[in-house]
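Residue numbers (numbering that gives the first Met the number 0): 0 to 169.
Note that beta-carbon positions come from the ideal geometry of N, C-alpha and C, so glycine has one too.
First the structure, in the form of structure tokens, and then the observations on it.
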Amino acid sequence: MFTLSRADGYLLSTDPQRLDLPRVHAWLSTDAYWALGRDRATVENAFAGSIAYGVYRPGDGQQVAVARVVTDRATFAWLCDVYVDRAERGNGLGTWLAAAVRDHLATLGVHRILLATLDAHGVYAKVGFAPAAADRFMELDRRDQAPPGPELDRRDQGTRPVTPVTGKEH
0 MFTLSRADGY LLSTDPQRLD LPRVHAWLST DAYWALGRDR ATVENAFAGS
50 IAYGVYRPGD GQQVAVARVV TDRATFAWLC DVYVDRAERG NGLGTWLAAA
100 VRDHLATLGV HRILLATLDA HGVYAKVGFA PAAADRFMEL DRRDQAPPGP
150 ELDRRDQGTR PVTPVTGKEH
């Protein structure tokens, strides 16, 4: 487990027991452009299979920020689901969180970290991130073909099963 304190008392921790998943789900599913509408089970599964970084406020210890890293813990990591509570923005927490993730991953031997952002390039540039070489990366994005999430499946119990790869009934 990795922990780090800031001079003003904010605490960063990778302790999964400390993570406030209902709060994280609310942030991501209602206020994060990349995860709007994401169901609770998906958030829980994603965080269970990743390194989660929570940032906690001094005094009351309430979680005020989060980041998730998908990694092999050896060569590569994808930094995602970075969110700072709107009431806490402007205090440098996003930059501090990104730097802490970068430094923690370096201790594991991970020296290549990828991320995607529409509007926070300046935050990540402050800690060394730069635009990726677009001609080197490829993507297979089948989100539009994905079957409904677990919550939708429960509501549609009378429908026929759907093959995940093709989306066709069988």
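Rounded straight-line distance, which links the Cα of residue j to that of residue i
| i | j | result |
| --- | --- | --- |
| residue 36 | residue 28 | 5 Å |
| residue 111 | residue 146 | 32 Å |
| residue 43 | residue 16 | 12 Å |
| residue 21 | residue 78 | 20 Å |
| residue 75 | residue 105 | 10 Å |
| residue 144 | residue 138 | 15 Å |
| residue 132 | residue 115 | 13 Å |
| residue 14 | residue 0 | 6 Å |
| residue 3 | residue 71 | 22 Å |
| residue 73 | residue 109 | 5 Å |
| residue 25 | residue 97 | 21 Å |
Start and end residues, alpha helix (DSSP H) containing residue i
| i | result |
| --- | --- |
| residue 3 | No alpha helix (DSSP H) contains residue 3, which is instead part of the beta strand (DSSP E) from 2 to 4. |
| residue 106 | 92 to 106 |
| residue 54 | First-last for residue 54: 50 to 55, but that is the beta strand (DSSP E), not the alpha helix (DSSP H). |
| residue 20 | 20 to 30 |
Proximity to residue i [Cα-Cα], best of the options
| i | options | result |
| --- | --- | --- |
| residue 6 | 40, 49, 57 | 57 |
| residue 32 | 50, 95, 117, 135 | 117 |
| residue 136 | 113, 142, 144, 143 | 113 |
| residue 90 | 1, 0, 9, 2 | 9 |
| residue 19 | 47, 34, 1 | 47 |
| residue 84 | 1, 41, 34, 55 | 55 |
| residue 69 | 87, 45, 30, 88 | 45 |
Sheet register partners of residue i (DSSP bridge)
| i | result |
| --- | --- |
| residue 69 | 77 |
| residue 10 | 4, 55 |
| residue 62 | 55 |
| residue 123 | Bridge partners of residue 123: none, in fact. |
| residue 42 | Partner(s): none; residue 42 has no beta bridge. |
Within 8 Å, do at least three Cβ pairs link the stretch 54 to 65 to the stretch 122 to 137?
Segments in contact, no.
Counting Cβ pairs closer than 8 Å, one from the stretch 124 to 143 and one from the stretch 97 to 106, do we hit at least three?
Yes, the stretch 124 to 143 touches the stretch 97 to 106.
Pair every Cβ in the stretch 46 to 57 with every Cβ in the stretch 78 to 98, then say whether three or more of these pairs are closer than 8 Å.
The stretch 46 to 57, when compared against the stretch 78 to 98, does touch it at the 8 Å Cβ threshold.
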